[in-house]
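Take a look at the structure set out below.
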Amino acid sequence: MNLRSELGKRIVFFDGGMGTMLQAKGLGAGELPEIWNLTRPKAIADIHRAYLAAGADIIKTNTFGANRVKLGQSGYGVDEIVSSGVRLAKEAASAYGALVAMDIGPTGKLMKPLGDLGFEEAVSVFAQAARAGERAGADLILIETMSDSYECKAAVLAAKENTSLPVFATVILDEQGKLLTGGGIPSVVAMLEGLGVDALGLNCGAGPDQMKKYLPRLTECCSIPIVINPNAGLPHEIDGRNVYDVKEDEFAADMKEIAEGGAWIIGGCCGTTPEYTRAERKLCADIPPRPIRKKNRTVVSSGSRAVVFGDRPVLIGERINPTGKPALKRALRENDMDYLMREGIAQQQNGAQILDVNVGLPELDETAVLSRAVREIQSVVDLPLQIDTSSPSALEAAMRLYNGKPLVNSVNGKPESMKAVFPLVKKYGGTVIALTLDENGIPGTAEGRCAVAGKILKTAAEYGVEKKDIIVDPLAMTISAGQRNAAVTLGALRLVRERLGVRMSLGVSNISFGLPGREQINASFFTMAMQNGLSAAIVNPGSKAMMDAYYAFCALSGADGRCMDYISRYSAQSEEKKPAAGSRVSLGDAILKGLKESARLSAQALLKTEDPLHIIHSQMIPALDQAGKGFERGTLFLPQLLMSAEAAKAAFEVLRAEMSEKGESVKNGSVILATVKGDIHDIGKNIVKVLLENYNFDVIDLGRDVPPEKVVETAVSRKVRLVGLSALMTTTVVNMEETIRQLHQAVPGCKVMVGGAVLTPEYAEKIHADFYSKDAMGSVRYAQKLFGGSPD
Amino acid sequence: MKIREEEVLRYLGCGGRPADERLRRTVASCVEALRKACTPRSVARVFPAGFPAGGVRIGNLFFPGSGLRNHIRGCDKAVLFAATLGARADILLLQASKTDMSRAAVLQAAAAAMTESYCDEQDAKIAAEAAKEGLYLRPRYSPGYGDFSIAHQRDILTTLDCPRRIGLSMTESCMLVPTKSVTAVIGLTPEKSGCTISKCMECNSENCPFRKETEDESAQ
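Quick note, the sequences are listed as chains A and B, same order.
Using our numbering, the first residue of the first sequence is number 1, and each one after it goes up by one.
Using our numbering, the first residue of the second sequence is number 1001, and each one after it goes up by one.
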């Protein structure tokens, strides 16, 4: 068959399960099925022929796990398994004029940061399989059973970058209709359509009755052909074998509804056999495929959510942008990604729906820093990100490793900008903010800005970027520099909406630059802009005035159904737990009780009359010490000790700001902390970090899964005298031993303290650690002893 | 699923001492957050067990060593079992460790307690099934206990098709990911009086801060 000419003219049939057939022929649990391509080729060929005889148009090669991660130490290579698998399928298919899909399943590993498979490593694993499949003559690539959108993105990118074959991608959903990593249908569709797959859909996991229920959600947001390959029901075990209990007639009856409901390509997965294909074909072959309606949704996604730009304006948090923010600048220079992650989490809690990420500082390597920021932020915040940079190389690197379909900030009407940005949007998928300026500058009229927007849309289309993926920003310019500036912007909003019919966004707060009381102007302008059709705004979600304007507008405009959001925000506004002015707690008490805000306030108050160093010695150290002793005696528990530490940290921040102004140094000494190579469980290390920091040590946190060489290199370059290592697993303690060996060799004066679940004092001694810390306080005491800062 | 406050406190190293109101509230809020976020999943399959020299055979797998062998001696069947709280628990932990380490510590303990509690619940279901055939369960025995090498994690995950079935996988160093997960072997035996040693006290990690010391003392 010819896929391109027949797809959409009639229902196309995939074959059914391969594993099921192999088990029937004697494949054992846990055995690698792909090896049969070489050891039992006839069995594989027979299965293919049985499906073809039953009426399959496309057969899947027996290569689901044919990647170098899964084949691992099997003794077989990817190339030989794939080429034999494709050859067996082709030989069988040629007699029927059927097509061969190179089947690519997941690696079976979890992606970083939760697991240890890096994104580019995943791309390379899939690329090897995809190339082998094309070389051996496959007609298309089927990426299937993906339960993590990030791994799925890696596979699709690999297939598209390394072959010229059509790419289908299907995912596996749980009983709640979600991927195992949390994504749902809208976010998966946004990402896969953005990446330019030829068809997408669902396979495995559920039976056809359940997939029938998911189908409307798919057809609602999907504008490309849909593939549905269900299991024959849910598996259950009889006599040590998985059995599926939906019979072929029942299966086919459900598949008929699925075909009528809009799926163009149907088949089966686990538990289905040629009998199912035959029954399916009988009932569904004459159903005319339902035409696909273009949805024209303007949508971006993260790994687990989709945000659609519609009637209700979308809030884009602006706080991760160093312009005018000294603390963020410092964090970026010090490579303190935790700061950015906290900013992201706080903005989400304040109501942001998308986060802008801009890390542009002249002295930094923006490509590296932006990539790192995107990777770290997407690991803790599930909002879609707006990648904000003027550097095309930084943009490409960040878009590539982004988990989803990003918002891109920005393109403009200059030819070089469009030439750089549009190909990236086409390749990786994305929605892009288009600024209405070009080589002649910013037009001074609404007409002029609308014309630039029109030009950008036209050029985008030449690159294959659709109008729905452009959001026009008609530019807010400060009214302090031009009386008509707000009117021009609002006029442009109306014109762009009427003439071009695209979504629009603004960096709202620019409007008040140079004026006092900016929030009032910003909030009023925000309301006016929303009234004129604004669909998104870059704002500070921590600004009460802006958020008030937003919630009020949504309630008034009818975008907030039954005013539910407004009511839930304002009816139960929680009484802020600020310490009352009169009843101030002493700094020592605040630390002991773990009251962060009180600690900060009393440090500020004390600074008026006392010297910072004196405050540290007279109040903070005794309080911290009392907390530490309480923990050691067992009267204080770990969470309480940590609360005291966090309170002390808040006070230290106040004092440090004062001292660095005076040029004084306050730190006790530098300590490197790392979780050893192979170990990704780092909560123990993080607890030690918080405590050491609040006993005023300068902690150099190298993170988790740290190679010995990196620890040594840092210890040498930073002249560090104490290194703390943690390991959780018996399998990684060997790496701890190796790190200690290298450290003692390269930095003779440097001490190593160790801790972790599997360690004992005896074992610590055996691997030549200088100190075994039984708990977090133990490491503080050792550091104090070593650096002579102990109050004892 | 029941997640007992005392268990969470034990994982926090509080060892049976009373916690104050604020800590108890944090425990309750962490338990609540986990319940909301996580969908625990498990997979279990029964295989014939055999006892060739030097180890134990379960289905197609051979596990060398005496620990597991002694533990399920006399069982002619065994269940391979795997369970996980899923990726959401790890994400919650990651978030908390960036914003509030004190909460992260409690969350970690609550997730550990939830994992155990979920496994016990699944155990009970397996026990009910086994009872129909007149079989009783031995306590779960996991790779990493005694001389049951942690490397066998891989065999159990592959045999049960865990990545696909429940999203459970492992790192190069045999660490289960998502981290709040368990793999285990459960012996099935016709003898009712099985093993009575409490799970915690059977472990060789005598320095473990979570060891049930108070129970131990009261038992004496």
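Yeah, the Cβ is synthetic: ideal placement off N, Cα and C, and Gly gets one too.
Cα-Cα separation, residue i to residue j
i: ALA331/A; j: ARG704/A; result: 20 Å
i: ALA783/A; j: LEU725/A; result: 13 Å
i: SER390/A; j: VAL374/A; result: 16 Å
i: ALA1128/B; j: ALA1044/B; result: 13 Å
i: THR277/A; j: LEU1009/B; result: 55 Å
i: ALA537/A; j: ARG569/A; result: 20 Å
i: ARG741/A; j: HIS768/A; result: 8 Å
i: GLN349/A; j: THR1159/B; result: 42 Å
i: THR675/A; j: GLU416/A; result: 45 Å
i: LYS109/A; j: GLY115/A; result: 7 Å
i: GLY448/A; j: SER480/A; result: 21 Å
i: PRO1143/B; j: ARG1069/B; result: 12 Å
i: ARG290/A; j: ARG297/A; result: 20 Å
i: SER393/A; j: LYS427/A; result: 14 Å
i: SER773/A; j: ALA132/A; result: 51 Å
i: MET146/A; j: VAL307/A; result: 22 Å
i: PRO216/A; j: ILE287/A; result: 18 Å
i: MET546/A; j: ILE511/A; result: 13 Å
i: LEU22/A; j: PHE64/A; result: 13 Å
i: ALA1113/B; j: ALA206/A; result: 30 Å
Neighbour-count burial assignment, residue i, 16 or more Cβ in a 10 Å radius
i: PRO384/A; result: buried
i: LYS1098/B; result: buried
i: SER1042/B; result: buried
i: PRO474/A; result: buried
i: PRO1190/B; result: exposed
i: ARG497/A; result: buried
i: THR39/A; result: exposed
i: HIS48/A; result: buried
i: ARG281/A; result: buried
i: PRO1040/B; result: buried
i: GLY440/A; result: In the sequence under discussion, the amino acid at residue 440/A is Asn, which differs from the Gly named in the question. It counts as exposed.
For residue i, the three-state DSSP class (helix, strand or coil)
i: ASN735/A; result: helix
i: VAL496/A; result: helix
i: PRO1178/B; result: coil
i: PRO579/A; result: Note that PRO579/A has pLDDT 48, beneath the 50 cutoff, so the model's placement of it is unreliable and the number below is only indicative. If DSSP states are grouped into helix, strand and coil, PRO579/A belongs with coil.
i: VAL167/A; result: strand
i: VAL357/A; result: strand
i: ASN350/A; result: coil
i: SER223/A; result: coil
i: ALA24/A; result: helix
i: MET1101/B; result: helix
i: ALA537/A; result: strand
i: THR298/A; result: coil
i: PRO1143/B; result: coil
i: GLY684/A; result: helix
i: PHE652/A; result: helix
i: ILE292/A; result: coil
i: THR478/A; result: coil
i: PRO1190/B; result: coil
i: SER94/A; result: helix
i: THR946/B; result: The structure shown does not extend to residue 946/B, since chain B is modelled only from 1001 to 1220, so the question has no answer here.
i: GLU237/A; result: strand
i: LEU1012/B; result: coil
CB-CB length for residue i against residue j, believed under 8 Å
i: LYS295/A; j: CYS204/A; result: Their Cβ separation, rounded to whole angstroms, is 26 Å, which puts LYS295/A and CYS204/A out of contact at 8 Å.
i: ILE59/A; j: VAL100/A; result: 6 Å
Beta bridge counterpart(s) of residue i as assigned by DSSP
i: PHE13/A; result: ILE266/A
i: GLN811/A; result: No answer is possible for residue 811/A: it lies beyond the span of chain A, which begins at 1 and ends at 792.
i: ASN412/A; result: LEU435/A
i: VAL723/A; result: ILE672/A and VAL752/A
i: LYS60/A; result: ALA101/A
i: ALA1082/B; result: VAL1043/B and THR1183/B
i: ASP473/A; result: LEU435/A
i: ILE1166/B; result: Bridge partners of ILE1166/B: none, in fact.
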